[in-house]
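Have a look at the structure below, then the notes.
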Amino acid sequence: MKYVMFPLALAGLLFTVSCNKDDENSTPDKTGLLTAHSWVLQDLTVSPAYDWFGDGSPITDIYALFPVCAQDDYTTFHRDGKAYFNEGAKKCFASDPQERAGTWAWQDGETAVSVTENGETEKWNVTKLTAAELVAAFTVTEDGVTYTFTSSYRKK
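Position one of the sequence shown corresponds to residue 52 (our numbering), numbered consecutively onward.
Below, the structure written as structure tokens:
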């Protein structure tokens, strides 16, 4: 019985050592995190408050204005620099394409992403990027006021 226990104990020890170290240190790079899966918008705010409808009532929660059909849309970034914008299961307009293509690229030492669709480019300053969450901000200046839009995405 002694002879059976020692090989089993040794095998258990080797298994524990071989699995432990690599799993703890395998953090993907930023490109790996961004391209690992699709991203669904879960929040969009603006600061300072913006008069979205021009009725004298400025708001900060832009996402609250989104119709249900737009809340399942998602974006997928690929390692080759291509980006795809998908309408999700609930399309707002049947005539809209299910998916639109664009491009993306890292900027400023991988602290910002430029996203281009239909010839228009936005620069998103990435403030948080984890395996489960992407938070980015971009600015728009209108009538001398700079508005910061902050979008938060969750993995799909």
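Ideal Cβ placement from N, Cα and C applies to all residues, glycine included.
Under the DSSP assignment, Lys174 falls in the beta strand (DSSP E) whose first and last residues are Glu171 to Leu180. Here DSSP, grouped into helix, strand and coil, assigns Gly83 to helix.
Under the DSSP assignment, Trp103 falls outside any beta strand (DSSP E); it carries neither an H nor an E label.
At a Cβ-Cβ threshold of 8 Å, Thr172 and His129 do not count as neighbours. Counting C-beta atoms within 10 angstroms of its own C-beta, Asp131 has fewer than 16 neighbours from the protein chains shown and is therefore classed as exposed. Between Glu184 and Phe136, the gap from beta carbon to beta carbon reaches 8 Å or more. In this structure, Lys207 sits near Ser89, with a CB-CB distance shorter than 8 Å. Distance check between Thr197 and each of Ala134, Phe117 and Ala100 places Ala100 closest, using alpha-carbon atoms only. In this model, Ser108 and Thr78 are separated by some 45 Å (Cα to Cα). Contact check for Ser203 and Asp94: beta-carbon distance about 4 Å, within the 8 Å limit, so the pair qualifies.
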